[in-house]
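Residue numbers (UniProt numbering): 1 to 252.
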């Protein structure tokens, strides 16, 4: 038996807030994996189902963020579980939007929901940190997390939620690497090789391949070995006789 808890604030007013990404994760997992309808329980809303062969309770505390630990602690005690059986999904300012990291233990880093859970069950639980980015200045944080995701965020947000749902079985089995790989495949899917889709050649490559090679005259004079056989007849020697000698030789 395990508890997956998503953090957020109850009510339609907060439903699309950045602070409610944990609730969004629970809703997506429940929908994709055939969990029971949501019911009131443990000072919040709960749904039951199976992931990775294990029974899992999905929990959305209804106590508002600052008192989340009351709901989580009550559910953990009811099922006689340990902190290590609890996984908390929450927004993370220190991660870029769409990033996802899993860790166990550690501080709450000023997150009020985690601070409350620390107070009720200690810190030895698992967290799924969901990056929402940082507004840049500390005084802007409260307004930032309580503001709805921008339209420009919708694509990566949907990919992140789908990736978490894809990897939920692996997470329940304790395979955090498999879970994070499933998220990465949705958020950053592998790209095909260079060139056009399907491995087809580009237009430039086709043009280059289709152009025939045209022979051009070689303007370089042929070498001696290329010019063919030479005339081996010896040259005629110059006649140096005088006219008188030539006449005398004719009558010899």
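Every residue gets a Cβ at the ideal spot worked out from N, C-alpha and C, and that includes glycine.
Judged by beta-carbon spacing, residue 92 lies beyond the 8 Å limit of residue 122, meaning their Cβ atoms are not closer than that value. Counting C-beta pairs closer than 8 Å gives three or more between the segment 51-68 and the segment 105-118, which meets the contact rule.
Within its own chain, no residue has a Cβ closer than 7 Å to the Cβ of residue 82 once the five positions on either side in sequence are excluded. Take residue 127, set aside five residues on each side of it, and the residues of its chain with a beta-carbon closer than 6 Å to its own are 88, 103, in chain order.
Setting aside the 5 residues that flank it on each side, residue 182 is surrounded in the same chain by 163, 166, 167, each with a C-beta closer than 6 Å to its C-beta; the list follows chain order. In chain order, 6, 8, 60 place their CB closer than 6 Å to the CB of residue 23, counting only its own chain and leaving out the 5 sequence neighbours on each side.
Rounded to whole angstroms, the gap between the alpha carbons of residue 17 and residue 149 is 6 Å. Pairing residue 21 with residue 52, the inter-Cα distance amounts to about 23 Å. Counting the other Cβ atoms within 10 Å of the Cβ of residue 169 gives 16 or more, which makes it buried. At the C-beta level, residue 75 and residue 57 come within 8 Å of one another. For residue 175, the three-state secondary structure derived from DSSP is coil.
For the pair residue 46 and residue 84, the CB atoms are not nearer than the 8 Å cut-off. Burial check for residue 27: the Cβ neighbour count within 10 Å reaches 16 or more, so the residue is buried. Sequence-distant partners of residue 98 (beyond 5 residues in either direction) whose C-beta falls short of 8 Å from its own C-beta, in its chain, are 131, 156, 157, 159, 160, 187. Judged by their CB atoms, residue 44 and residue 71 are nearer to each other than the 8 Å cut-off.
In this structure, 25 is the residue among 1, 119, 10, 25 with its C-alpha nearest to the C-alpha of residue 129. Taken in chain order, the complete alpha helix (DSSP H) segments of 4 residues or longer contained in the segment 11-73 are 21-32. Here residue 94 is not near residue 120, since their CB atoms are 8 Å or more apart. The three-state secondary structure of residue 139, taken from DSSP, is helix.
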